[in-house]
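Student: Here my numbering runs 58 ahead of the position in the sequence shown, where the first position is 1. Glycine included, C-beta positions come from ideal geometry on N, C-alpha and C.
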Amino acid sequence: MTQNSLGDSVVQKTVQAQNNGVAATATHTQPLWLLAEITYRCPLHCAFCYNPTDYDKHTQNELSTEQWIKTLREARKLGAIQLGISGGEPLLRDDIEEIVAEAHKLGYYSNLITSGVGLTEKRIQAFKDGGLDHIQLSMHDITEEINNFITNTKTFELKKKVAAMIKSHGYPMVLNVVIHRYNIGHMKEILEMAEALGADYIELANTQYYGWSLINRNQLMPSKEQVEEAERITNEYRAKSGSKMKVFFVVPDYFADRPKKCMNGWGEVFMIVTANGDVLPCHSARVLPNMKFPNVKDDELGWSWKDSPAFNKYRGDSWMKEPCRNCAEKEKDLGGCRCQAFLLTGDAETADPVCSLSPHHHIIEKAIEDAKNPQLQAQPIIFRNDKNSKKVISGELEERTKEFHALP
Ligand code: FES
59 MTQNSLGDSV VQKTVQAQNN GVAATATHTQ PLWLLAEITY RCPLHCAFCY NPTDYDKHTQ
119 NELSTEQWIK TLREARKLGA IQLGISGGEP LLRDDIEEIV AEAHKLGYYS NLITSGVGLT
179 EKRIQAFKDG GLDHIQLSMH DITEEINNFI TNTKTFELKK KVAAMIKSHG YPMVLNVVIH
239 RYNIGHMKEI LEMAEALGAD YIELANTQYY GWSLINRNQL MPSKEQVEEA ERITNEYRAK
299 SGSKMKVFFV VPDYFADRPK KCMNGWGEVF MIVTANGDVL PCHSARVLPN MKFPNVKDDE
359 LGWSWKDSPA FNKYRGDSWM KEPCRNCAEK EKDLGGCRCQ AFLLTGDAET ADPVCSLSPH
419 HHIIEKAIED AKNPQLQAQP IIFRNDKNSK KVISGELEER TKEFHALP
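Structure, rendered in structure tokens:
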């Protein structure tokens with residue numbers, strides 16, 4: 059899955075849910091969104107997966123059904139209203155039906171984020187009966203060749219069947235397509251495919267570089283011109299098509315002047331519980347040095363959110379140094395992404411190097427140049443799979459990862 063799919067659009071949906079009176083007392087200091095990264099196991103091996111490259115450490119110690127249900131209850135008490143059930147591939151667990159039904163009883167708006175592998179008529183009917191509100195399906199391209207290449211699986215036909223199944227059960231058709239060098243030239247055709255599948259909403263999520271996509275950055279990053287052309291085609295499509303399909307184009311931050319307000323602010327609205335129970339303010343937080351994150355097996359969720367040192371570390375702006383500290387725009391982006399700052403500069407408290415005012419912005423410029431270098435482009439992609447994750451953990455891939463300051 060993608061990091062983008064949990065960005066601003068979700069915050070908007072959350073706010074809509076509040077406006078419907080579901081959580082009228084919600085404030086900005088509550089975890090409105092709970093993302094359950096329920097398993098890191100996955101039948102797909104996407105080159106751009108944002109999951110941690112050392113995920114193999116967390117595949118044998120997943121939370122039990124009871125532990126997830128307890129977590130859902132505690133998070134709901136804290137004010138969480140949106141639940142994302144994600145992975146890896148959540149459908150590899152056989153208790154999702156139970157978890158969905160409990161989420162519905164608790165009053166969550168629940169969203170299953172899936173590759174579609176493992177979704178059957180029987181399971182989707184059980185989800186419908188249990189009160190699942192929303193299914194987000196990942197698609198990869200209009201061609202079988204690129205779908206199968208980038209996921210390192212043969213899933214092209216299956217995804218189309220799953221899309222039809224989701225539609226036939228009356229769910230809104232929500233597609234997420236991660237955009238990279240291999241499919242950015244197919245923007246118009248991807249939009250046409252989505253419309254033909256009856257999509258109500260499509261997110262064109264330009265790759266953000268974390269996890270596996272960071273170590274494959276030279277292989278995945280398109281040029282600035284390609285991104286601009288893709289955005290132009292998207293805008294033209296929006297203007298001309300007259301279709302009801304909503305199109306969301308996530309601008310890749312390496313090509314922006316200012317960084318994104320990552321997770322809408324550290325410990326502001328998002329809480330992530332990982333497969334092994336770690337409680338995180340963002341997907342990549344475990345790369346940060348000298349941080350101990352709470353875990354639902356040992357720590358109470360309310361304490362984790364409100365009082366744990368990890369959740370308070372980058373809340374607000376008191377941690378900032380120059381140039382962020384006195385920047386007129388600091389409230390807009392809160393200095394960008396702490397994980398990206400650390401991964402690329404080795405300093406978690408510096409400005410996100412995406413910002414053109416950052417003293418480290420040259421790192422981004424170099425990354426963009428490197429991605430144009432045919433020799434670097436030609437290095438093999440390291441697909442997300444257990445074998446490669448073990449290699450990352452053992453240091454076997456150090457040659458490839460040494461320019462970053464932690465295992466992404
Ligand atoms: Fe942006 Fe961690 S991923 S702060």
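Please classify R396: is it buried, with 16 or more other beta-carbons within 10 angstroms of its beta-carbon, or exposed?
Tutor: buried
Student: Please report the straight-line C-alpha distance between V337 and S122, rounded to a whole angstrom.
Tutor: For V337 and S122, the distance between alpha carbons rounds to 15 Å.
Student: Consult DSSP for H469 and reduce its assignment to one of helix, strand or coil.
Tutor: Residue 469 is absent from the structure shown; the chain starts at 59 and stops at 466.
Student: Which same chain residues, not among the five before or five after D410, have their C-beta less than 7 Å away from its C-beta?
Tutor: P317, G393, G394, C395, Q398, A399 and S416
Student: With DSSP as the reference, identify every bridge partner of A263, one or two as the case may be.
Tutor: V236 and V308
Student: Taking the alpha carbon of I200 as the point to measure from, which residue in H244, H192 and E120 has its own alpha carbon closest?
Tutor: H244
Student: Strictly by DSSP, which residues pair up with E203?
Tutor: Answer is none; E203 lacks a bridge partner.
Student: What separation, rounded to the nearest whole angstrom, lies between the Cα atoms of L229 and K219?
Tutor: According to the sequence displayed, residue 229 carries Tyr and not Leu. Rounded to whole angstroms, Y229 to K219 spans 14 Å at the Cα level.
Student: Following a CB-centred definition, is D372 positioned closer than 8 Å to any heavy atom of the ligand FES?
Tutor: The sequence shown places Tyr at residue 372, rather than the Asp named in the question. Within the cutoff, so yes.
Student: When you compare each of L249, K388 and H227 to V235 by their alpha carbons, which one comes out closest?
Tutor: L249
Student: Taking 8 Å as the threshold, find out whether the region 179-187 comes into contact with the region 108-124 through three or more Cβ pairs.
Tutor: no
Student: Could you say which of N348, L216, G137 and T408 lies nearest to S376 if we only look at CA atoms?
Tutor: T408
Student: Quick check on Q140: does DSSP put it in helix, strand or coil?
Tutor: strand
Student: State yes or no: is the C-beta of M329 nearer than 8 Å to some heavy atom of the ligand FES?
Tutor: For the ligand FES, not one heavy atom lies less than 8 Å from the Cβ of M329.
Student: Measuring alpha carbon to alpha carbon, tell me which of Y113, D315, N353 and H198 ends up nearest M329.
Tutor: The residue with the shortest Cα to Cα distance from M329 is N353.
Student: Is the CB-CB distance between N109 and I143 below 9 Å?
Tutor: no
Student: Which of the three DSSP states, helix, strand or coil, is assigned to T83?
Tutor: Confidence at T83 is low in this model, with a pLDDT of 42, below 50, so the placement of that residue should be treated as unreliable; the coordinate-derived value is given next. Of the three classes helix, strand and coil, the one that applies to T83 here is coil, per DSSP.
Student: Please work out which residues of its chain come closer than 6 Å, Cβ to Cβ, to M378, disregarding the five sequence neighbours upstream and downstream, and give them in chain order.
Tutor: Closer than 6 Å at Cβ, skipping near neighbours: G393.
Student: State whether the region 342-357 contacts the region 274-286, with contact taken as three or more CB pairs (one from each stretch) at a distance under 8 Å.
Tutor: no
Student: So, helix, strand or coil for M251, using DSSP?
Tutor: helix
Student: Could you give the DSSP three-state label for N169: helix, strand or coil?
Tutor: strand
Student: So what does DSSP say about M329, is it helix, strand or coil?
Tutor: strand
Student: To the nearest angstrom, how far is it from the Cα of A81 to the Cα of Q194?
Tutor: Confidence is the limiting factor: at A81 the pLDDT is only 41, short of 50, which leaves the residue's position unreliable, though a coordinate-based value still follows. Near 23 Å, if we compare the C-alpha coordinates of Q194 and A81.
Student: What number of angstroms, rounded off, separates the C-alpha of I260 from the C-alpha of Y240?
Tutor: 18 Å
Student: Is the beta carbon of I451 sitting closer than 9 Å to the one on K212?
Tutor: no
Student: Nearer than 8 Å: is that true of the beta carbon of S452 relative to any heavy atom of the ligand FES?
Tutor: no
Student: Counting C-beta neighbours from all protein chains within 10 Å, is the total for M197 16 or more, i.e. buried, or is it exposed?
Tutor: buried
Student: Express the C-alpha separation of L136 and F369 in angstroms, rounding to a whole number.
Tutor: 15 Å
Student: Go ahead and pull the three-state DSSP assignment for N370.
Tutor: helix
Student: Does the ligand FES have even one heavy atom less than 8 Å from the beta-carbon of Y268?
Tutor: yes
Student: Just to confirm before moving on: does the CB-CB distance between W91 and V308 stay below 9 Å?
Tutor: no
Student: Look at the alpha carbon of V68 and the alpha carbon of E457, and state the distance between them as a whole number of angstroms.
Tutor: Annotation note: pLDDT 40 at V68 (below 50); position unreliable, no value reported.
Student: Along the chain, where does the beta strand (DSSP E) that runs through A406 open and close?
Tutor: Premise fails: A406 is in no beta strand (DSSP E) and is neither H nor E.
Student: How should Q140 be labelled, buried or exposed, when 16 other C-beta atoms within 10 angstroms of its C-beta is the threshold for buried?
Tutor: buried
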